[in-house]
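Read in order, the letters of the sequence shown are residues 638 to 917 in our numbering.
Yeah, the Cβ is synthetic: ideal placement off N, Cα and C, and Gly gets one too.
Here the structure is laid out as structure tokens; the discussion comes afterwards.
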Amino acid sequence: VSYCHNIATLRPRKAKGQELMDYKIQISPKPAEISERVDFFGNYITRFSIQTEHGLLKVTTKSKILRDYEQFRDSFTSETCRSVTLDQAIFALRSTAPDILEAKQYILESIFIRRTDENIRQYAETSFKGNRSVFDAAYELMQRIYTDFEFVSGFTSISTPILEVMGEKKGVCQDFAQIAIACIRSMGLPARYISGYIETLPPPGKEKLVGTDASHAWFSVFIPNFGWVDFDPTNNQIPMNQHIVVGWGRDYYDVPPLKGVVYGSGKSKLKVAVDIKAVE
């Protein structure tokens, strides 16, 4: 490779129950240019270019994060969170309040999640029928995706259409998150894509979670008069301290860990390794 220009979304952002204490990024070969900015969604973006010939690009980040879900665990089990029905949510979304306007962008089409297919809507309606609460419907949708879909690493790529994933009922965490988002948007509700990591070395006696040793993804639903609630369909759980949020957007396209352009010949190979360790 004689030249490359890349964009990295690797610095964990501040989120509910999460605070970034320290962050370092190392890039080899040393970039000729490097800069950092905050994107439209509030994610930290690092841009860099390497203008010398190289056969290997290595990007290493190290973060120290304070993660504490105890501060709001009771909130998403509260009556406020669990009582808002689908009809009430749709009505509340007519408001022009700042938080509503910000959330409504996540109802629109995005690069990887286009206008919803009827099969997607029908799948979603199974959970949302009967004007049940948005929280309960989203929770059931998460459980159904966990049960109905098989996690198969390498079965899909970032370009695999969600309708193909829907038909095959196979994929990885990114696919499952985007299926859920498509379902929720088909109901007229905001849903966003969360990019992050999941703990790789669980405490003794606890089961290792699927999605470790790589980047992870899940989805979040906006409940009017409450806020955003995250759901992890790959592991069938509401994310807790094992999950680290890096960024969020409309779908994977907005927050890929690393993307760019290279000038050179031959094929390239990507290798990703993630290690998360809880410390006192």
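By the criterion of a C-beta distance shorter than 6 Å, E836 is surrounded in its chain by Q879 and I913, once the five residues flanking it on both sides are discounted.
It is roughly 21 Å from the alpha-carbon of G842 to the alpha-carbon of V911. Boundaries around S686 are those of the beta strand (DSSP E), Y681 to I687, since no alpha helix (DSSP H) includes it. For T697, the enclosing beta strand (DSSP E) covers residues K695 to R704. Look at L895 here: in three-state DSSP terms it is strand. In this chain, the beta strand (DSSP E) harbouring Q663 covers Q655 to S665.
For F792, the CB contacts under 8 Å within the same chain, skipping 5 residues up- and downstream, are E805, K807, G808 and V809 in chain order. Around the C-beta of M779, 16 or more other C-beta atoms lie within 10 Å, and the residue is accordingly described as buried.
Relative to D869, the option among S905, N862, K908 and R829 whose CA is nearest is R829. Going by beta carbons, N680 and G897 fall outside the 7 Å limit. The Cβ atoms of I782 and A819 lie no closer than 7 Å to each other.
Separation of P861 and A726 (C-alpha to C-alpha, rounded to the nearest whole angstrom) is 6 Å. The alpha carbon of G692 has as its nearest neighbour, out of E917, V916, G901 and K908, the alpha carbon of G901. The count of Cβ pairs closer than 8 Å, one atom from the segment 697–707 and one from the segment 656–666, reaches three, so the stretches are in contact.
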